[in-house]
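Quick note: the sequence shown uses this note's numbering, first residue 54, plus one each step. Data first, discussion second: the structure below is written as structure tokens.
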Amino acid sequence: MIRQQFQKNSRFFSRSAAKIALSLGLIVIAPSMALAMPAGDSINAYLFGTTPEAGQIGHDYIVMQKGEGDNIQGAFYQINSEYACFSGEVAEGKLNLAVIDPYEEVAYDYQMDYTDSALIANSEEQTQTQIVPEGFHLIDIVTDLASTILAQCSADNSLAI
Numbered sequence: 054m055i056r057q058q059f060q061k062n063s064r065f066f067s068r069s070a071a072k073i074a075l076s077l078g079l080i081v082i083a084p085s086m087a088l089a090m091p092a093g094d095s096i097n098a099y100l101f102g103t104t105p106e107a108g109q110i111g112h113d114y115i116v117m118q119k120g121e122g123d124n125i126q127g128a129f130y131q132i133n134s135e136y137a138c139f140s141g142e143v144a145e146g147k148l149n150l151a152v153i154d155p156y157e158e159v160a161y162d163y164q165m166d167y168t169d170s171a172l173i174a175n176s177e178e179q180t181q182t183q184i185v186p187e188g189f190h191l192i193d194i195v196t197d198l199a200s201t202i203l204a205q206c207s208a209d210n211s212l213a214i
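Structure, rendered in structure tokens:
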């Protein structure tokens, strides 16, 4: 009986923590990420963190991939914790996202602010727009963990971009 009550309460607290993470936490997650999205390239993945180093426990990370047009998909995560997949679009200074609650498997709308920075020309004469969502840093290398999480989120047909 005590064990059942504990399991019930721990699930409640876990869900509460997830909801806080998905509401208030994403505001914290939304603190200076740079997203270079090359025009016409839909296979690039980008990793961002509240710290400029990957793999740091206690920090928030976003792995993101740009699809056709202004569509994006990815996930919010922390090391040794659950992740929340999202899909959405880049539009007028905001990332308009549908974030999937990892416990309830329900999508919640969420917006993140970003700013455009200078246009960058790459070696292939394509132009990249530097998008900088608030509160994150661009991390140069997409980690294996981030790639795995992105692949899991991409496998969900409802998030296909």
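Ideal Cβ placement from N, Cα and C applies to all residues, glycine included.
If we ignore side chains and look at the alpha-carbon of each, how far apart do E158 and D169 end up?
Their Cα atoms are separated by approximately 32 Å.
Can you have a look at I184 and say buried or exposed, based on whether 16 or more other CB atoms are within 10 angstroms of its CB?
I184 comes out buried.
Using only the alpha-carbon positions, how far apart do G208 and K147 sit?
It should be pointed out that residue 208 corresponds to Ala in this sequence rather than to Gly. Approximately 25 Å, taken between the alpha carbons.
The beta strand (DSSP E) with D113 in it runs from where to where?
Counting along the chain, the beta strand (DSSP E) containing D113 begins and ends at 113-119.
Run the CB neighbour count on T201, radius 10 Å, all protein chains shown included, and call it buried at 16 or more, exposed below.
It is exposed - the Cβ of T201 has fewer than 16 other Cβ atoms within 10 Å.
Within this structure, are the beta carbons of N124 and G108 separated by less than 9 Å?
Not a contact, by the Cβ cut-off of 9 Å.
Please report the distance separating the alpha-carbon of Y130 from that of I115.
Spanning the two alpha carbons is a distance of roughly 6 Å.
DSSP has P186 in a bridge; who is on the other side?
Y167, per the DSSP bridge assignment.
Exposed or buried, which one is I153 when buried takes at least 16 other CB atoms within 10 Å?
With 16 or more Cβ atoms within 10 Å of its Cβ, I153 is classed as buried.
Considering only C-alpha positions, which residue in the set I110, G111, Q126 is nearest to M117?
The residue with the shortest Cα to Cα distance from M117 is Q126.
For Q205 and L150, what's the separation of their Cα atoms in angstroms?
One C-alpha to the other measures close to 17 Å.
Roughly how far, in whole angstroms, is the beta-carbon of A144 from the beta-carbon of P155, given that I think they are within contact range, below 8 Å?
About 25 Å separates the two Cβ atoms, so there is no contact after all.
So, helix, strand or coil for D123, using DSSP?
In this structure, D123 counts as coil in the three-state DSSP scheme.
Would you mind giving the Cβ-Cβ distance between N133 and K119, rounded to the nearest angstrom? I have them listed as a contact below 8 Å.
With a Cβ gap of about 28 Å, N133 and K119 do not count as contacting.
Who are I110's beta bridge partners in DSSP?
In the DSSP output, where bridge partners are listed per residue, I110 has none listed.
Grab the span of the alpha helix (DSSP H) containing S200 for me, first residue to last.
It spans 197-208 - the alpha helix (DSSP H) in which S200 sits, taken as one unbroken run.
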